[in-house]
Structure formats: C-alpha cells, structure tokens
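If you read the sequences in order, they're chains A and B. So in the UniProt record's numbering, spot 163 of the first sequence is number 163, and the numbers just go up one at a time. So in the UniProt record's numbering, spot 303 of the second sequence is number 303, and the numbers just go up one at a time. Worksheet for the structure shown next.
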Amino acid sequence: MSVYFPHKKLPYLLVLPQLVITLIFFLWPAEQAFEQAFYQEDAFGLSREFVGFDNFVYLFNDPQYYKSIWVTLVFSFSVAFSGLAIALWLAVMADRVIRGKLTYQTLLVWPYAVAPALAGVLWWLLFDPSMGPVALWLQYFGVDWNHFLNGDQAMTLVVISATWKQISYNFLFFLAGLQAVPRSLIEAASIDGASPFKRFWTIVFPLLSPTTFFLLVVNLVYAFFDTFGVIDATTQGGPGVSTATMVYKVFNDGFIGLDLGSSAAQSVVLMFLVGIMTVIQFRYIERKVEY
Amino acid sequence: MYKLKLASAVIGFSIASSGFAATNIEWWHAMGGANGEKVNEIAKAFNDSQDAYTVKPVYKGNYTETMTSAIAAFRAKKQPHIVQVFEVGTASMMSAKGAIYPVYELMRESGQSFDQSGFLSAVTGYYSDQDGNMLSMPFNSSTPVLYYNKDLFAKAGIKNPPTTWEEMESVSQTLLDNGVKCGFTTAWQSWVQLENFSARHNVPFASEANGFGGLDTKLTFNGSLQVAHIEKMGEWQQNGIFSYGGRRSDSAPKFYSQECAMFMNSSAGYAGIKKNAKFDFGVSQLPYQGSAISEPKNTIIGGASLWVLQGHKKEEYKGVASFLSFLSRAEVQADWHQFSGYLPITRAAYDLTKGQGFYAQNVGTETGVLQMTSGTPTPNSKGLRLGNFVQIRDIINEELESVWAGQKSAQAALDEAVKRGDVLLRKFERANK
C-alpha cells in the first residue's frame, strides 16, 4: 500500500526549518572554520594574512599533534566502551528491581544534570593526591596515586569523569530499550530452560542492538567534542600532553591561546576524521544491527 | 540559574538606575569572591564621589575568560571601556595598536594630572613601552614568595627559613629526617621556578630584553643556571625534598595539610593561607643560588592591569581617565592592598600602609614588596613581554612535568620547550607585524 501526496512544494516546505537550522548552525560555521584555517590573524582581528596551507603544515610537523590524535582515540574509545558497558549493566539491574524502582532510576539519571566542568571539579577533588578521599584510600591499598605526574592515572581520571556523566544518558536509553523487549519471548526461553545469562545474550542483547548502535555513535561524538570542559577542570591536558585530546587542543589554542588559524585548521582535521568515523560506523557496524 | 539571572538583573537595574543622568563606563574584571565585592565597593566609592560618571564593574569569569570575552566583544564592536588583563596577556594587548588606548595618552588627552614616577617601577616596568610610557594601569600585582610552616620548623629544630637554594636542600633534608613528608612544593612552576628564577639571578628568560626590545625575540631559559636548577628539582622530586602538586595553585593543599613544610606561591595567596592553615606560618623571600650570585635581583610581578579599549566617545574617556586617577589614589590603593594581599602599586600607598602600622600587625605582608623593590630592575628583571605567552607557559608546564616524572633530563626538556616556544613566538611575530 502506498500513500501519495499530491503537493509538490509541501515536502520542501516541511523540511525547510531543518535545512535552515543546518545551514545556520552547521554549514555556515563550518565554512567559516574552513576559511579561517588558511589565514593567520592577530587576536583582535586587526590584521589578517593569507598563509595558504601553513597552518596545516605546522600542525603535521608537530609531534605533539600526533600524540593528541592517539590520546583522543584512547580516550574516546575508553569513554564510549565503559560508558556503554556500565550503563547496560546498571539498566539490567534497575530493570530487575521491583521495590523502589523509581528511586534507583531517578538517582541514576542525576549525574546527567551536572555541568561538565562541575563534574570535572568533583572528580578532581575526590582524586586529589594529597587530600582526595579516593586517592587516600588508594594509597592505603598501596597504589601510589598521583595524576599530576603519572600520565596513565591522569587518563584514567578524565575517562572516569567523562564516563560518569554519560552513564545516565546511556542508562535511560538502555532502560527504555529493555522495557520494550517483549516479556513473552523471555518467558518462552525460560520455559525452554535457558539460563538468565543465555536469555540475556541470545534474546535481550540482540534486540537492544539498535539502541546500542545509536548510543555508540552518540557516545563517540560526546567523547570527541563535548569533553574539553571535563579535561580543563581536571588535568588541563597534563601531565605533559597525556590527556590533551584533539578537541581540548582546539579549545586551548583557539579560546585560550587566541591562535585562531591553527585552531581552525585543527577543527577542519577533526571534522574530516569524524566524517570518516561516521562512514565506518554506518557502513560496517550498522550492518550488524537488527532493527 | 533563573534565580541567578534574576539577581543579576536586579543588581544591574539598581546600578543603572542609581545614575541615570550620568555617563556609563563599563569595567570588565576577573575578581571573584571577596575581591569582587571589594571591586564593587571601589566603583561605588567613585560613583558616590561625583555625579558625572557611573562605573559599572562586570565580573567576566577568570582571567582567560575575561580577556577572551573582551576580545570577542571588540570584534563584535561591543567592547567595554576598561578591561582587566592578566600579565601574560600584556604582549597581545600591546600589539593590538588599533584596539587599545594607551593610558598615558588617555590621561594627557583628558587633561588629568598623571605622575608616572609615583608608581613602583617594578610594577610599571611590566606595562610600559620602550620609552617608559605606561600603556595600562596597574591594578592588582603580586609576586611569588616563600611560605613556611613554623610549627614543623620548630619541631625539626630549624630557626630560620632558607635564603639560598643550597640551604633549601639542607633545611628540607632536616625536615625529612624529622618525619615531614616533603620539603617544599610550588604553585605556578613557570612563573616561580623559571621566570622569577631568571629575573632574580639576572639571566635572560628571552632575548631582546625579555621581549621588551621587539617581536623578534627568542627564548633563552635553557641557560646553564636554569638547567642546573630544574635538574636539581628533578632529583629532589625523586627523594622527597620537592613534591610537584599541579600547574596552577593545585599544590596549596599539600601545604595546608602539612604534607609539605614550604610552599612557593603568589604574595596574594596570603589571605588563603591564613584562612586554611591550622598552624603558625611565616613568609620569606624566594631563595637564590648562593654559589652563583651574592645578591639576588628583584622578583617580577604577576596579576593583572587595566587596559582601556578604543571605540568610545570622547566624553566617556574623560570619565575613564578620572576613574583611573581615583584608582591610583593612595587611600584607595592602600585599602585594596591591605584587603587583597596584592602589592601596593604606588609609593604613596606603600608609605600610607606602613604608617598605619599594617605590616607590623600582619607579619609577612611586606615581604613581597621588599623583595620586588630591592635594587633597580635590570633588563632581565624588568618583566616579560612575550606573544602567545599563555601557550608558551603550557609548553613549559608540559616539559617540566616530564622532568618531574623522570622521563626527560632537564636539559632535554628545556631545550624542547625553547624550541616549541620559539615556533609560537615566530607565529605571533608574523601575525602582529
């Protein structure tokens, strides 16, 4: 059965708002960034010079930049993976609870309302090597916690802070997904004698795959673009450059260092990378998703 | 959030309505908390003293946020009249010739009497051009000093705070032997351990008189004296004499919790330490290498100054000028100095504070002033004028951290920092020529 709309112009009119928004909030700034990447400018915009590919040449001759690409990959995949895994586990647990369900769910959603910078400061206080309760507790168990000196620990700290915030969001979607799984299927499997573990992996998890895929994309985008507040509040990219992700560098060079040309060149590179990642996700990972 | 907006709207309205006939002057600043309230008080005192102008102070976040929002506002032609800019932003402001209204010109053109010689030269040196004209109005200046825990010193049987780095090592060792966990820690490592270290030992941090001579400056802080100092600190990090605690003032808890017996930080940190330390503490001057020099030079300042931006009416600039005159009055400055812990910027304010007996009652508050005014500033101790300095400090932080972590030698790290920093200086030179 097919539905036919006689109007020729109406569909265009209906997508127009979306197009206008995309134009103003994405294409126009993207074009500006692209243009800016070929100029060198003083902070006040009083003088401007076309420098061709200089900003990019400078970037790709900078060993620190390659390091930041690596840092970004480690950071983003750690955040996305742990964010999804922990949220799924919590959602399964919360779904099983019968008494006080709403309380648990509300508490679990809470962290999402916290601003990224606040979340950063919170974890920074908890892990402060000389007065943070978690750090002192770790030291009690013989772990020499000092994220001001140890790059791996600093990375762990920013991953924890960034993940913690994202878990609530993932949790909401997973919980909704779990509640949409037909009870009859699970009951049938139970009657057939499938263990809870088997029921989860063969029935529930495959049915959750569209949710998981959606969340994977959202989480990677979050880890890529939305985490400079957390990093700035916890480690400022240090020690050394061990937590300076690409987007933190964009923020730092552009907004703090006022080096707009380099910052714009970096965002063009970032845009390009995220483009590739999106293609990979939709071409190869999406095939494994069953809607 | 809504309440905050409402509150700021109410405050904004009450400020605006208090002088509807007067010319409004906007002042963007980065003074939060108690200092921010003091800033409002100063502005109110000025507003009450005359009825032609109304100064509106607006808190814009931290130093970086204040500076970047002023620049963004300038690009959108909505700039404030006065903006507070931290010392590392000085070169960026100075190079923006069409954007700033040099204070000495402003004062001359508005017919305000303005005596530059009344200001402390160690402060104005930082904000003057090559001919010695003041480009911005110093407001809150500080300089690093050494805070020490008198209780821990007494327990270890140490009478005096160390004056040289050699003593720093032996005193720290004695402290460690007496059960103290760490000898000393430092805040703002680039500012204290490299910038001020260089100034105090009269060695250049950068060529062209630390950047005052022109934009074609090159970094030189990888000299033998600085390398030896950083190398020593790297060693000390391993044996507990020094303990690194973060880039900004993140190391303060190490001092508050008595983990470290000594702490190098801004003189403006005095109030914070007084509030947080549950022990008797003292303030003394930064140590110097006794084997290299017999007498140290002055230290250089940090903090911020007030810049006037172009693009407003002549009448409004008259108000700006009379406000700046008001700000540099001895009573206003002395009050601000005593309240905040920042240095007095004029000799008159210093003398007034002394006369009031403030230093005698608050032991240690004079240390920064004495240290900063000892001797005449040399080209190496006048201050720093480097473009892209915010990022250069980041690079220094990164490289120093690799020394503290034992991954790089001091020589390799400082060489690398100089190399990376020079690239940024060349970029700045190109963008501002």
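Where is the CB? At the ideal position from N, CA and C, for every residue including glycine.
Would you call residue i buried or exposed, if buried means 16 or more other Cβ atoms sit within 10 Å of its Cβ?
{"i": "phenylalanine 272(A)", "result": "exposed"}
{"i": "arginine 420(B)", "result": "buried"}
{"i": "glutamate 26(B)", "result": "buried"}
{"i": "glycine 237(A)", "result": "buried"}
{"i": "threonine 163(A)", "result": "buried"}
{"i": "glutamate 398(B)", "result": "buried"}
{"i": "lysine 77(B)", "result": "exposed"}
{"i": "glutamine 333(B)", "result": "buried"}
{"i": "methionine 1(B)", "result": "Because the pLDDT of methionine 1(B) is 44, which lies under 50, any placement of that residue in the model is unreliable, and the number read from its coordinates should be weighed accordingly. Result: exposed."}
{"i": "valine 20(A)", "result": "exposed"}
{"i": "arginine 96(A)", "result": "exposed"}
{"i": "threonine 103(A)", "result": "exposed"}
{"i": "glutamine 36(A)", "result": "buried"}
{"i": "tyrosine 140(A)", "result": "exposed"}
{"i": "tyrosine 66(A)", "result": "exposed"}
{"i": "tyrosine 291(A)", "result": "exposed"}
Under 6 Å Cβ to Cβ from residue i, same chain only, skipping five residues before and after it: list those, please.
{"i": "phenylalanine 114(B)", "result": "Met107"}
{"i": "methionine 372(B)", "result": "Ala122, Thr143, Asn298 and Thr299"}
{"i": "arginine 48(A)", "result": "Tyr39 and Glu41"}
{"i": "glutamate 187(A)", "result": "none"}
{"i": "methionine 67(B)", "result": "Val85 and Gly89"}
{"i": "asparagine 202(B)", "result": "Lys297, Thr378 and Asn380"}
{"i": "glycine 223(B)", "result": "Val203"}
Who are the Cβ neighbours of residue i in its own chain at under 8 Å, not counting the five residues just before and after it?
{"i": "leucine 84(A)", "result": "Asn170, Thr212, Leu215, Leu216 and Asn219"}
{"i": "aspartate 422(B)", "result": "Lys218 and Leu219"}
{"i": "serine 374(B)", "result": "Pro296, Lys297 and Asn298"}
{"i": "arginine 188(B)", "result": "For the sequence presented, residue 188(B) should be read as tryptophan rather than arginine. Pro144, Arg247, Arg248, Ser249, Asn265, Ser266 and Gly302."}
{"i": "arginine 430(B)", "result": "none"}
{"i": "serine 17(B)", "result": "The predicted position of serine 17(B) is uncertain, since its pLDDT is 47 and thus under 50; no value can be drawn from it."}
Might you give, ordered along the chain, the residues of its own chain that have their beta carbon closer than 7 Å to the beta carbon of residue i, omitting 5 neighbours on each side?
{"i": "valine 121(A)", "result": "Ala233"}
{"i": "tyrosine 222(A)", "result": "Gln166"}
{"i": "valine 320(B)", "result": "Ile25, His81, Ile82, Leu106 and Val308"}
{"i": "proline 161(B)", "result": "Leu146, Tyr148, Gly282 and Ser284"}
{"i": "phenylalanine 50(A)", "result": "Phe38 and Tyr39"}
{"i": "glutamine 112(B)", "result": "Ala321, Ser322 and Ser325"}
{"i": "residue 442(B)", "result": "No answer is possible for residue 442(B): it lies beyond the span of chain B, which begins at 1 and ends at 433."}
{"i": "alanine 91(A)", "result": "Phe171, Phe174, Leu175 and Leu178"}
Would you kindly report the start and end of the unbroken beta strand (DSSP E) that includes residue i?
{"i": "arginine 48(A)", "result": "48–50"}
{"i": "threonine 367(B)", "result": "Note, threonine 367(B): premise wrong, no beta strand (DSSP E); alpha helix (DSSP H) at 367–373."}
{"i": "tryptophan 28(B)", "result": "23–29"}
{"i": "leucine 414(B)", "result": "First-last for leucine 414(B): 410–431, but that is the alpha helix (DSSP H), not the beta strand (DSSP E)."}
{"i": "asparagine 149(B)", "result": "144–149"}
{"i": "serine 266(B)", "result": "260–266"}
{"i": "glutamine 84(B)", "result": "82–86"}
{"i": "residue 305(A)", "result": "Summary: the structure shown does not reach residue 305(A), with chain A confined to residues 1 through 291, and so no result is reported for it."}
{"i": "proline 196(A)", "result": "Counting along the chain, proline 196(A) falls outside any beta strand (DSSP E), though it belongs to the alpha helix (DSSP H) covering 196–199."}
{"i": "threonine 186(B)", "result": "182–186"}
Could you spell out the range, first to last residue, of the alpha helix (DSSP H) harbouring residue i?
{"i": "tryptophan 165(B)", "result": "165–177"}
{"i": "threonine 156(A)", "result": "151–179"}
{"i": "residue 515(B)", "result": "This structure gives no information on residue 515(B), because the portion of chain B shown stretches from 1 to 433."}
{"i": "threonine 68(B)", "result": "63–75"}
{"i": "lysine 254(B)", "result": "252–256"}
{"i": "phenylalanine 281(B)", "result": "No alpha helix (DSSP H) holds phenylalanine 281(B); the beta strand (DSSP E) holding it covers 281–284."}
Is there at least one Cβ from chain E nearer than 8 Å to residue i's Cβ?
{"i": "methionine 246(A)", "result": "The structure shown contains no chain E; the protein chains it does contain are A and B."}
Just to check my reading of the structure: residue i and residue j have Cβ atoms closer than 8 Å, yes? What is that Cβ distance to the nearest angstrom?
{"i": "leucine 194(B)", "j": "glutamine 237(B)", "result": "Their Cβ separation, rounded to whole angstroms, is 16 Å, which puts leucine 194(B) and glutamine 237(B) out of contact at 8 Å."}
{"i": "serine 68(A)", "j": "methionine 246(A)", "result": "5 Å"}
{"i": "residue 443(B)", "j": "alanine 30(B)", "result": "Residue coverage of chain B in this structure runs from 1 to 433, which leaves residue 443(B) outside it and unanswerable."}
{"i": "leucine 386(B)", "j": "glycine 214(B)", "result": "About 11 Å separates the two Cβ atoms, so there is no contact after all."}
{"i": "tyrosine 288(B)", "j": "threonine 376(B)", "result": "Incorrect: roughly 17 Å between the Cβ atoms, too far for contact."}
{"i": "glycine 151(A)", "j": "glycine 240(A)", "result": "6 Å"}
*If you measure beta-carbon to beta-carbon, which residues of the stretch 397–418 of chain B are closer than 7 Å to chain A?*
Asn397, Glu398, Glu401, Ser402, Trp404 and Ala405
*Residues in the stretch 206–227 of chain B with C-beta within 7 Å of chain A's C-beta atoms, listed in sequence order?*
none
*asked:* To be precise: take each residue of the stretch 79–95 of chain B, compare its Cβ to all Cβ atoms of chain A, and keep it if any distance is under 7 Å. Which residues remain?
replied: Ser92 and Ser95
*Give the residues from the stretch 244–265 of chain B that approach chain A closer than 9 Å (Cβ to any Cβ), ordered along the chain.*
Tyr244, Gly245, Gly246, Arg247, Arg248, Asp250, Ser251, Pro253, Lys254, Tyr256, Ser257, Glu259 and Cys260
*Got a sec: which bits of the stretch 129–148 of chain A sit with their beta carbon under 7 Å from any beta carbon on chain B, in order along the chain?*
Ser130, Met131 and Phe148
*Within 9 Å of chain A by C-beta, residues of the stretch 296–322 of chain B in sequence order*: none
*What residues in the stretch 49–77 of chain B have a beta carbon less than 7 Å from any beta carbon of chain A?*
Thr64, Thr68, Ile71, Phe74 and Arg75
*Of the residues that make up the stretch 14–46 of chain A, which ones have a beta carbon closer than 9 Å to any beta carbon in chain B?*
Gln40, Glu41, Asp42, Ala43, Phe44, Gly45 and Leu46
_Any C-beta of chain A within less than 8 Å: which residues of the stretch 377–392 of chain B qualify?_
Asn388, Val390 and Gln391
*asked:* Please identify, using Cβ separations under 8 Å, the residues of the stretch 231–242 of chain A that lie next to chain B, in order along the chain.
replied: Gln236, Gly237, Gly238, Pro239, Gly240 and Val241
*asked:* Along the stretch 129–150 of chain B, where does the CB come closer than 8 Å to a CB of chain A? Name the residues.
replied: none
*Residues, ordered as in the chain, of the stretch 98–122 of chain B that lie near chain A by beta-carbon distance below 8 Å*: Gly98 and Ala99
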